[in-house]
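J.: Please find one structure pasted underneath; my questions will follow.
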Amino acid sequence: MRKSICFIAAVLLLFSTLHAWAEDNYRLWLRYERVTEPALYNNYRQSVKQLIFPAGSPTLKVAKTELQNALGQMLSLQPAEANTVTANGTLVIGTPQTSTLIAQHRQELNTIRREGYFIKNTQQNGKVTITIGANTDVGVLYGVFNFLKLLQTHSSLNHLALIDQPKIQCRILNHWDNLDRTVERGYAGSSLWKWHKLPGYIDRRYIDYARANASIGINATVVNNVNANALSLTTDYITKAAALAKAFRPYGIKLFLSIRFSAPVEIGGLKTADPLDAGVQKWWKDKADEIYRYIPDFGGFLVKANSEGQPGPQTYGRNHAEGANMLADALKPHGGIVMWRAFVYDDKVPDDRAKQAYNEFKPLDGQFHSNVIVQVKNGAIDFQPREPFHPLFGAMPKTPVMMEFQITQEYLGFSTHLVYLGQLFKETLASDTYAHGKGSTVAKVIDGQLDHQPLTGMAGVANIGSDVNWCGHPFAQANWYAFGRLAWNPEQSPNTIADDWLRMTFTNDAAFVNPVKQMMMDSREITVNYMTPLGLHHIMGRDAHYGPGPWVAQAGRPDWTAVYYHKADSAGVGFERSSRGSNAVAQYFPEVRNQLENVQTTPEKFLLWFHHVSWNYAMPSGRNLWQEMVHRYYSGVDSVRNMQKTWSLMQGKIDNERFAEVKDLLAIQEQEAEWWRNSCVLYFQHFSKMPIPAGYEKPDHDLAYYENQKFYFIPGTRGVQ
Ligand code: BDP
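The UniProt record's numbering numbers the first residue of the sequence shown as 1 and each following residue consecutively.
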């Protein structure tokens, strides 16, 4: 008997060590690690001894399960369930429909709308309670996740008086996932959606995906690529999508589909997809009716039309509004919406690519039906490491306009480079458009405040795939997380978001959190320095967008080359977008335009975006432009080395697996940063004809070496033209 007990104990010990050893990072920020600090542990246990949480609906059920699992893991505790408050340390959770105790909080309930929640310390029957209340079940779910965040980040549970609600209605991921499970610009494995096993088999990851999204307030998802395959609108695929929608539904997540504008021809057997054709209109109406039969809460359509070879209304001589409205009318009876992308440019149009979306969309302001929202990328070119805000923000006061950010790091080192995008997102959101004078930030445009828009949204191109750790790089999870948090409230600080994420994902140990947070906060600027300093843009390798390619001069069309954008010559470098050049600056409101018109007042970070500047131009640092550019590239690489140093000090503070993975990835990042630096410095030197100043390490190879590098099977490129 003693022997077998010892044996079982040994096996259990072995398993627990193996478990601790096998850290695969699957759990994201929902780890619910045991609270080990004794005072906190006891305090938390005292605060949640009893639970009043009647949970009838699927959403309340998942909220309750999440809570119970988390409390079990963090505090080894299952609170006693009760109907009335009989003990100090009672957790009261629900809506006015499920709980009379919640219904008493009229003031809070009146303040929050559909998806908001409150978390408060109150007294009931003379006993101390924590109350989590909301008007709706999904509000309760958000409240529970935020309460668990308090525990995960070791926050105090005294004096709780939180009232929170989303500032943006549609907080949506865009998956660029193809039906064959390749992911356009995806660097974290293949698509999560196993179409061939749907609708029969629901993978556990669909549920964990939905949980993770709900925990940060994401409430919608587009499951297929914007470069859409018409097949996704066939009955077969609608049935499959319906199974996904059903899996997501308890978590408050609505499913949307990207559509191919020519679907009526491709799968409907019609001769045309002209939006003004009655047959086409009927086809879409019938299709919408069919979708809603399978997915009653279907969100609507995302549309990439007349962009990069995709069909659209212009194919039939109609404009974007006519195309969008036809689809909107089909969805309207069911409450669906159309997200119509403004990412349009055409190499047949001679104008600067940066101007084309504004040129096409601004004149259509006011012509879209009320259930259309125009989806605009953060900048006018394409998700570059840094772009000035898109001039369409603030320019269409009579049209709902939503943000499209890219979470997947197409132009920011794939899933190999540690780049915290909270900073990038925030920089755009905080930019002042001056649409209605000072303070008219992009955030206020997209949360609807500025022009009183009833329909609001923020989309993020997902970085999620089948990799066990979801996003490829452990720190890429932070970008999914930060997107959700900023979509909920674009005014939040990236610093706070990084802090929460680190605590939940790694540890609450300040000796880890503080230095690593600083590293995250600096990481985006560092990447800009070694990739595209001073406003350079679109100088990456062609097609796959992997690594540097400032020399790319042939790419099928001029606006896909690098030379189109940097315009380096012996006189200088940069794209002249002032009135002396393409006059793209005229698309901004006067305060912004005037600042950007002039080289002297243009912020350094956008200098070469807006101006062609001579190599000898005196920069504020005292260096000339050439020297400044070299300095930035070198400092970018040096900073990556500093990141490596910071990280190496973290050994032992977290599990060895993630420590080692990040260490290895940082080493690749350092090599690739060097590759960017050497390629770009050598390439631009060709024009500046000035030496790399003394004191800098010399590039290992000559320019020809870098130009001749060849890469095969680069991820994210299948299906890319
Ligand atoms: C670019 C990508 C391309 C996308 C396109 C888009 O390179 O793969 O299809 O954007 O947003 O960033 O439609």
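Glycine residues also receive a C-beta, built at the ideal position from the N, C-alpha and C atoms.
(1) By alpha-carbon positions, which one of V344, E628 and I464 ends up nearest to G189?
(2) The alpha helix (DSSP H) spanning E670 covers which residue range?
(3) Can you tell which of T235, C471, G437 and G323 has the C-alpha that lies nearest to the C-alpha of D274?
(4) Give the C-beta separation of Y565 and W676 to the nearest angstrom, bearing in mind that I take them to be a contact with Cβ-Cβ under 8 angstroms.
(5) At a cut-off of 8 angstroms, is H538 close to ligand 1 when judged by its beta-carbon and the heavy atoms of the ligand?
(6) Where W284 and I259 are concerned, what is the direct C-alpha to C-alpha distance, given to the nearest angstrom?
(7) Less than 9 angstroms separating the beta-carbons of K287 and N227?
(8) Does the beta-carbon distance from Q384 to H538 come in below 9 angstroms?
(9) Buried or exposed for R105, please, with buried defined as at least 16 other CB atoms from any protein chain shown within 10 angstroms of its CB.
(10) Please state whether the Cβ-Cβ distance between L28 and L418 is less than 9 angstroms.
(11) Please determine, among S155, Q50 and F684, the residue with the shortest C-alpha to C-alpha distance to N88.
(12) Cβ-heavy atom distance between N178 and ligand 1 below 8 angstroms?
(13) Helix, strand or coil for Y420, going by three-state DSSP, please let me know.
(14) Quick one: is V468 buried, meaning 16 or more other Cβ sit within 10 Å of its Cβ, or exposed?
(15) Report yes if the C-beta of D467 is less than 8 angstroms from at least one heavy atom of ligand 1; otherwise report no.
(16) Ligand 1 and W301: does any heavy atom of the ligand fall closer than 8 angstroms to the residue's C-beta?
(17) Could you have a look at Y696 and say whether DSSP puts it in helix, strand or coil?
(18) Only counting runs of 3 or more residues, tell me where the beta strand (DSSP E) segments fall wholly within the stretch 182 to 248, in order along the chain.
(19) Taking only three categories from DSSP, how would you classify S635?
(20) Starting from the N-terminal side, write out each stretch of the beta strand (DSSP E) that is 3 residues or longer and does not extend beyond the stretch 33 to 87.
(21) Checking the sheet assignment: what are the DSSP bridge partners for S614?
(22) In terms of alpha-carbon separation, which member of P391, A487 and Q518 lies closest to D499?
(23) Relative to the C-alpha of K426, which residue among P494, V445, I407 and V374 is closest?
(24) Mind checking P454: buried by the 16 CB within 10 Å criterion, or exposed?
(25) Helix or strand or just coil, what does DSSP make of E410?
(26) Taking 9 angstroms as the cut-off, decide whether the C-beta atoms of I238 and Y294 are in contact.
(27) Within 10 angstroms of the Cβ of T65, are there 16 or more other Cβ atoms? Answer buried if so, exposed if not.
(28) Looking at ligand 1, does it come within less than 8 angstroms of N463, judged from the CB to the closest heavy atom?
(29) Contact defined as beta carbons within less than 8 angstroms: I believe N213 pairs with Y251. What is the distance between those atoms, to the nearest angstrom?
(30) Just to confirm the assignment, what range does the beta strand (DSSP E) spanning D164 have?
(31) For M650, I'd like the list of residues in its chain whose CB is within less than 7 angstroms of its CB, leaving aside the five on either flank, ordered along the chain.
(32) Residues in its own chain within less than 6 angstroms of R341 by CB, not counting five upstream and five downstream?
(33) Which residues does DSSP list as the beta-bridge partners of R171?
(34) Measure the beta-carbon distance from W609 to G572 and round it to whole angstroms, keeping in mind my assumption that it falls under 8 angstroms.
(35) Do K567 and R386 come within 9 angstroms of each other at the CB atom, strictly closer than that value?
(36) Among R114, T86, E115 and I119, which has the Cα closest to the Cα of I102?
T.: The structure says:
(1) Indexing the sequence shown from 1 puts residue 189 at position 189. The shortest Cα separation from G189 among V344, E628 and I464 belongs to I464.
(2) Here residue 670 refers to the residue found at position 670 of the sequence shown. Its alpha helix (DSSP H) spans residues N656 to S688.
(3) Counted from its first residue, the sequence shown places residue 274 at position 274. Of T235, C471, G437 and G323, the residue nearest in Cα terms is G323.
(4) Here residue 565 refers to the residue found at position 565 when the sequence shown is read from its first residue. Here residue 676 refers to the residue found at position 676 when the sequence shown is read from its first residue. With a Cβ gap of about 16 angstroms, Y565 and W676 do not count as contacting.
(5) Residue numbering aside, residue 538 sits at position 538 when the sequence shown is read from its first letter. False, no ligand heavy atom lies under 8 angstroms from that Cβ.
(6) Locating residue 284 in the sequence shown gives position 284, where the first residue counts as 1. Locating residue 259 in the sequence shown gives position 259, where the first residue counts as 1. Distance between the alpha carbons of W284 and I259 is about 11 angstroms.
(7) Within the sequence shown, the letter at position 287 stands for residue 287. Within the sequence shown, the letter at position 227 stands for residue 227. For K287 and N227, no; Cβs fall outside 9 angstroms.
(8) In the sequence shown, counting from the first residue as 1, residue 384 sits at position 384. In the sequence shown, counting from the first residue as 1, residue 538 sits at position 538. Yes, they are a contact pair.
(9) Start at 1 with the first residue of the sequence shown, and residue 105 comes out as number 105. The amino acid at residue 105 is misidentified as Arg; the sequence shows His. Its Cβ being crowded by 16 or more others within 10 Å, H105 is buried.
(10) Taking the sequence shown and counting its residues from 1, the one referred to as residue 28 is at position 28. Taking the sequence shown and counting its residues from 1, the one referred to as residue 418 is at position 418. Contact flag unset, no.
(11) For the purposes of this step, residue 88 is identified with residue 88 of the sequence shown, where counting begins at 1. Ranking the options by Cα distance to N88, first place goes to Q50.
(12) In the sequence shown, the residue the question calls residue 178 occupies position 178. Flag unset: Cβ of N178 not near ligand 1.
(13) On the sequence shown, residue 420 is found 420 positions in, with the first residue counted as 1. Three-state result, Y420: coil.
(14) As a first step, residue 468 must be located in the sequence shown, where it is residue number 468. Exposed is the call here.
(15) Mapped onto the sequence shown, residue 467 falls at position 467. No - ligand 1 has no heavy atom lying nearer than 8 angstroms to the Cβ of D467.
(16) Position 301 of the sequence shown, counting from 1, holds the residue named residue 301. A small correction: the amino acid at residue 301 is Phe; Trp does not occupy that position in the sequence shown. Result no, Cβ not under 8 angstroms from ligand 1.
(17) Looking up residue 696 in the sequence shown gives position 696. Note: Y696 maps to coil in three-state DSSP.
(18) 220 to 222
(19) Indexing the sequence shown from 1 puts residue 635 at position 635. DSSP places S635 in helix when its eight states are reduced to three.
(20) 50 to 52
(21) Position 614 of the sequence shown, counted from the start, is the residue given in the question as residue 614. Its beta-bridge partners are G572.
(22) Numbered from 1 along the sequence shown, position 499 holds the residue referred to as residue 499. Nearest C-alpha to D499: Q518.
(23) Stepping through the sequence shown from its first residue, residue 426 is reached at position 426. Considering only alpha carbons, the answer is P494.
(24) Walking along the sequence shown from the start, residue 454 turns up at place 454. When all chains shown are included, P454 counts as exposed.
(25) Within the sequence shown, the letter at position 410 stands for residue 410. Here E410 sits in coil by DSSP.
(26) The residue you call residue 238 lines up with position 238 of the sequence shown. The residue you call residue 294 lines up with position 294 of the sequence shown. Result yes, Cβ atoms of I238 and Y294 sit closer than 9 angstroms.
(27) Here residue 65 refers to the residue found at position 65 of the sequence shown. Flag for T65 reads exposed.
(28) Stepping through the sequence shown from its first residue, residue 463 is reached at position 463. Checking the Cβ of N463 against ligand 1 gives no.
(29) Working through the sequence shown from its first residue, we reach residue 213 at position 213. Working through the sequence shown from its first residue, we reach residue 251 at position 251. Right, their Cβ atoms sit about 7 angstroms apart.
(30) Indexing the sequence shown from 1 puts residue 164 at position 164. Start and end: A161 to D164.
(31) Position 650 of the sequence shown, counted from the start, is the residue given in the question as residue 650. Closer than 7 angstroms at Cβ, skipping near neighbours: F512, V516 and F659.
(32) Locating residue 341 in the sequence shown gives position 341, where the first residue counts as 1. Here the set comprises K304 and Q375.
(33) On the sequence shown, residue 171 is found 171 positions in, with the first residue counted as 1. Partner(s): M458.
(34) Within the sequence shown, residue 609 is the residue found at index 609, counting from 1. Within the sequence shown, residue 572 is the residue found at index 572, counting from 1. That belief does not hold up - the Cβ atoms of W609 and G572 are roughly 14 angstroms apart, past 8 angstroms.
(35) As a position in the sequence shown, residue 386 is number 386, starting the count at 1. As a position in the sequence shown, residue 567 is number 567, starting the count at 1. No, the Cβ-Cβ distance between R386 and K567 is not below 9 angstroms.
(36) As a first step, residue 102 must be located in the sequence shown, where it is residue number 102. Selected option, being the one with the closest Cα: I119.
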